[in-house]
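Written out below as structure tokens is the structure these notes cover.
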Amino acid sequence: MSGPGLAPSPRLAPRLAHAAYLVVLLAATAAFVYPLLWLVSASLKPKSEVFDNRLIPRHVQWSNFVEVWQAGPVLRWLLNSVTVGIMAATAVTISSALVAFGFAYFRFRFRGLLFGLVLSTMMLPGAVTMIPVYLIWNRIGLVDTQVPLWGQNLFGTAFYIFLLRQFFLGVPRELFEAARVDGCGYFGLFRRIALPLCRPALVIVFVFELKASWSDLMKPLIYLQTPEYFTMPRGLKQIIDSYALSGEYHWEIAMAATLIATLPMIIAFAFAQRHILDGIATSARQG
Amino acid sequence: MGELLAPRESLGEAHGRSRASLPLPGRLAARGGRRGQSNQARETRAAWMFIAPWVVGFLVFTAGPMLASLVLSFTDYSLVGQTRGVGADNYRQLLEDPRVAQSLLNTFVYAALFVPVGTCVALGLAMLLARVGRASGFFRTAFYLPEMTPAVAAAALFLLLLNGQTGLVNTVLGWFGIDGPNWTTDPNWLKPSLAMVSLWSMGGTIVIYLAAIKNVPRQLYEAAQLDGAGPVRRFFHVTLPMISGAVFFTVITNTIAALQMFDQAYTMFYGPQQKATASDESLVFMVYLFQNAFQYFKMGYASAMAWLLFVIILLITLVQLRVGNRFVHYEGDQR
Numbered sequence: 086m087s088g089p090g091l092a093p094s095p096r097l098a099p100r101l102a103h104a105a106y107l108v109v110l111l112a113a114t115a116a117f118v119y120p121l122l123w124l125v126s127a128s129l130k131p132k133s134e135v136f137d138n139r140l141i142p143r144h145v146q147w148s149n150f151v152e153v154w155q156a157g158p159v160l161r162w163l164l165n166s167v168t169v170g171i172m173a174a175t176a177v178t179i180s181s182a183l184v185a186f187g188f189a190y191f192r193f194r195f196r197g198l199l200f201g202l203v204l205s206t207m208m209l210p211g212a213v214t215m216i217p218v219y220l221i222w223n224r225i226g227l228v229d230t231q232v233p234l235w236g237q238n239l240f241g242t243a244f245y246i247f248l249l250r251q252f253f254l255g256v257p258r259e260l261f262e263a264a265r266v267d268g269c270g271y272f273g274l275f276r277r278i279a280l281p282l283c284r285p286a287l288v289i290v291f292v293f294e295l296k297a298s299w300s301d302l303m304k305p306l307i308y309l310q311t312p313e314y315f316t317m318p319r320g321l322k323q324i325i326d327s328y329a330l331s332g333e334y335h336w337e338i339a340m341a342a343t344l345i346a347t348l349p350m351i352i353a354f355a356f357a358q359r360h361i362l363d364g365i366a367t368s369a370r371q372g
Numbered sequence: 393m394g395e396l397l398a399p400r401e402s403l404g405e406a407h408g409r410s411r412a413s414l415p416l417p418g419r420l421a422a423r424g425g426r427r428g429q430s431n432q433a434r435e436t437r438a439a440w441m442f443i444a445p446w447v448v449g450f451l452v453f454t455a456g457p458m459l460a461s462l463v464l465s466f467t468d469y470s471l472v473g474q475t476r477g478v479g480a481d482n483y484r485q486l487l488e489d490p491r492v493a494q495s496l497l498n499t500f501v502y503a504a505l506f507v508p509v510g511t512c513v514a515l516g517l518a519m520l521l522a523r524v525g526r527a528s529g530f531f532r533t534a535f536y537l538p539e540m541t542p543a544v545a546a547a548a549l550f551l552l553l554l555n556g557q558t559g560l561v562n563t564v565l566g567w568f569g570i571d572g573p574n575w576t577t578d579p580n581w582l583k584p585s586l587a588m589v590s591l592w593s594m595g596g597t598i599v600i601y602l603a604a605i606k607n608v609p610r611q612l613y614e615a616a617q618l619d620g621a622g623p624v625r626r627f628f629h630v631t632l633p634m635i636s637g638a639v640f641f642t643v644i645t646n647t648i649a650a651l652q653m654f655d656q657a658y659t660m661f662y663g664p665q666q667k668a669t670a671s672d673e674s675l676v677f678m679v680y681l682f683q684n685a686f687q688y689f690k691m692g693y694a695s696a697m698a699w700l701l702f703v704i705i706l707l708i709t710l711v712q713l714r715v716g717n718r719f720v721h722y723e724g725d726q727r
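Read top to bottom, the protein sequences are chains A and B.
The first sequence maps to residues 86 to 372 in my numbering.
The second sequence maps to residues 393 to 727 in my numbering.
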């Protein structure tokens with residue numbers, strides 16, 4: 086204990102504080118993670134026990150997962166979601182990167198104005214363009230196909246363009262100049278220098294879009310009518326509606342379907358966890 | 393793209409060379425030009441090629457549809473049958489439609505619950521995370537996990553967890569002697585239920601705050617401590633100003649997202665089976681807009697609703713920017 090005010094507390098106090106922090110954090114962890122464990126458990130219970138809140142089911146009923154298969158073409162939906170997700174994420178990553186490089190490397194007339202326009206579209210709610218865009222796809226005859234779920238991604242998305250541009254701006258200009266002197270074309274600058282150096286950012290954009298696409302309910306609701314074309318969230322909504330909310334209360338089947346819709350993303354997250362979390366942190370700093 | 397660019401570039405090259413036949417002063421100018429002006433033209437052309445996807449997309453999927461939507465909002469367009477111009481009738485109807493007022497109110501209440509509570513909870517957890525050293529990696533992962541859950545799945549799950557009689561949430565509340573409400577059926581508790589689903593999946597915000605807090609220079613804390621600032625004052629006078637940019641960013645994006653919330657409300661309370669029983673207390677604006685556009689096919693009216701939403705989001709964001717700029721501390725180069 087030295088002078089008052091700035092006295093470093095005796096050893097016990099920080100340890101106690103540290104322990105208290107951990108207790109609060111563990112409680113929060115329980116709040117975040119336990120519902121997922123509850124979901125796994127509920128999906129394995131018989132109908133009468135779904136609400137009993139036991140973590141270990143009294144009776145394990147694997148047949149829920151068989152019945153889910155009969156409730157809808159779940160495997161098909163999963164595949165559809167994977168296809169749409171990969172198309173959406175790939176398209177948006179490539180197109181946004183191209184556009185972002187255009188705005189980052191070149192100096193041209195109206196650049197500021199155009200980039201301002203890019204940014205301002207971020208504030209535009211999707212609802213404003215939703216109906217006319219539907220009419221466009223309808224006119225082309227692509228309603229009730231999966232193309233409208235990813236087609237727009239071919240043209241880049243404002244937020245990703247902004248994000249990737251920030252990363253491209255971080256590449257030292259001398260690298261580009263040197264490559265130019267060595268006879269590298271503009272597309273070469275993009276592909277051989279900008280892209281490899283910003284790979285983490287590209288991964289982030291890809292994962293973000295994959296996650297958004299995997300979770301999206303509204304577009305599949307608008308564009309898909311044939312159950313075989315449904316994505317997983319759309320199919321899940323249908324199972325919930327017809328098996329649980331219709332008055333039959335087969336929540337065990339709805340929960341099995343919910344687990345099936347959730348698990349792939351959790352597994353993907355397990356693999357790319359570091360990448361994703363660090364990416365969010367850096368991308369926010371760029372923003 | 394590469395094949396597309398290459399001939400363009402050689403075209404530019406040829407263009408530059410053709411000037412070599414000019415008389416001397418012109419040739420000199422052309423030489424200078426090859427490095428300066430024509431290079432500039434080539435660069436501009438390449439730049440436009442790179443941004444072409446966005447330009448096309450903007451015209452076809454943003455500017456055009458915006459215009460179309462504006463026009464539609466003055467008609468009674470309904471996908472089939474005849475379309476008439478109805479002047480400002482749709483907008484007049486917006487003012488009179490009780491479900492518009494109700495759904496707007498619901499949306500505001502939901503946003504007013506979710507955004508402030510979410511921001512505070514996320515800040516608190518991020519502050520704690522910053523203090524537990526290496527363990528923060530584990531917690532960070534755990535907190536983010538629910539965000540990977542599709543919104544439909546999270547909503548379905550919470551429909552059960554929030555069950556009034558036997559749900560897990562009320563069971564836990566019961567341990568503390570609290571008699572939990574009928575979250576999913578009591579009209580007064582529908583919006584808090586929706587906010588709770590969103591709170592569960594807001595790990596991204598925590599991750600952002602944690603990164604911002606870790607970025608605050610140590611010396612600032614040391615200086616504050618030397619000046620006799622306790623933990624509370626250090627939080628309000630060092631941490632909060634230094635991370636205000638991140639907080640501001642998430643508040644704006646979370647607000648915009650909250651005003652457009654759809655998936656959770658639609659999954660929990662709407663669908664073919666529920667139309668009859670659905671209470672308007674859970675009707676958020678986007679759900680009502682979606683119903684008008686794609687279930688009742690009142691596309692003109694729905695377009696007017698969309699423009700109303702746009703104006704509201706614009707106003708709220710502008711107010712937030714105005715207020716935010718007074719409080720947000722930007723460091724040197726970040727403007």
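Backbone N, C-alpha and C fix where the C-beta goes; we use that ideal spot for every residue, glycine too.
Contact check for Gln494(B) against Asp655(B) fails: the beta carbons are separated by 7 Å or more.
CA-CA distance, Leu464(B) to Asn482(B), rounds to 10 Å.
Taking a beta-carbon distance threshold of 7 Å, Thr597(B) does not count as an interface residue toward chain A.
For Pro633(B), no CB of chain A lies under 7 Å from its own CB, so it is not counted at the interface with that chain. Taking a C-beta distance under 7 Å as the contact criterion, Ala176(A) and Leu239(A) qualify as a contact pair.
Listed along chain B are Ala439, Phe442, Ile443, each with a C-beta nearer than 7 Å to that of Gly187(A). The criterion of a C-beta distance shorter than 7 Å is not satisfied by Ile443(B) and Val213(A).
Of the candidates Tyr469(B), Phe450(B), His629(B), Phe450(B) places its Cα closest to the Cα of Val203(A).
Interface criterion met: the Cβ of Val213(A) is under 7 Å from a Cβ in chain B.
Comparing C-alpha distances from His335(A) to each of Ser133(A), Tyr119(A), Pro120(A) shows the shortest one belongs to Ser133(A). Between the beta-carbon of Leu248(A) and that of Ser368(A) there is about 5 Å, and that keeps the pair under the 8 Å contact cut.
Per DSSP, Leu227(A) lies in no alpha helix (DSSP H) segment and is marked neither H nor E. Nearest to Leu602(B) by alpha-carbon distance, out of Ala518(B), Ser674(B), Val448(B), is Ala518(B).
Rounded to the nearest angstrom, the gap between the Cα atoms of Thr230(A) and Tyr314(A) is 7 Å. Spatial neighbours of Phe186(A) in its own chain (CB-CB distance under 6 Å, excluding positions within 5 residues in sequence) are listed in chain order as Phe253, Phe275, Ala279. If you look at Lys304(A), you'll find it in the alpha helix (DSSP H) that goes 303-308. Listed along chain A, no residue sits closer than 9 Å to Asn431(B) by beta-carbon distance, the nearest being about 10 Å off.
Going by DSSP, Glu152(A) is part of the alpha helix (DSSP H) stretching over 148-156. Within the DSSP secondary-structure output, Gly477(B) pairs in a beta bridge with Thr467(B). Ala339(A) sits close to Ala329(A), with the two beta carbons spaced by under 7 Å.
One finds Ile648, Ile705, Leu706, Thr709 in chain B with Cβ atoms closer than 8 Å to the Cβ of Met208(A), taken in chain order.
Secondary structure within the stretch 584-653 of chain B: not one fully enclosed beta strand (DSSP E) run of 3 or more consecutive residues is present. Taking a C-beta cut-off of 9 Å against chain B, the contacting residues of the stretch 296-309 of chain A are Lys296, Trp299, Ser300, Asp301, Leu302, Met303, Leu306, Ile307, listed in chain order. For Phe272(A), the closest C-alpha among the options Thr647(B), Leu553(B), Met441(B), His721(B) is that of Met441(B).
Taking C-beta separations shorter than 6 Å and ignoring five residues to either side along the sequence, the partners of Thr178(A) in its chain run Leu287, Val290, Phe291, following chain order. Taking 7 Å as the cut-off, the beta carbon of Leu129(A) is found no closer than this to the beta carbon of Val118(A). For Met660(B), not one C-beta of chain A is nearer than 7 Å to its own C-beta. When C-beta distances to chain A are compared with 7 Å, the residues of the stretch 608-630 of chain B below that value are Gln617, Leu618, Gly620, in chain order. For the 7 Å CB-CB criterion, Asn138(A) and Leu560(B) form a contact. In this structure, the CA atom of Phe689(B) is about 16 Å from the CA atom of Lys304(A). Around the beta carbon of Gly268(A), fewer than 16 other beta carbons sit within 10 angstroms, so the residue counts as exposed. Pairing Gln474(B) with Val639(B), the inter-Cα distance amounts to about 49 Å. When C-alpha distances from Thr436(B) are compared across Val159(A), Ala174(A), Arg161(A), Arg196(A), the shortest belongs to Arg196(A). Under the 7 Å criterion on CB atoms, Thr576(B) is classed as non-interfacial with respect to chain A.
Burial of Phe200(A) is indicated by the presence of at least 16 other C-beta atoms within 10 angstroms of its C-beta.
In this structure Gly364(A) is in contact with Pro285(A), their Cβ atoms being roughly 6 Å apart against a cut-off of 8 Å.
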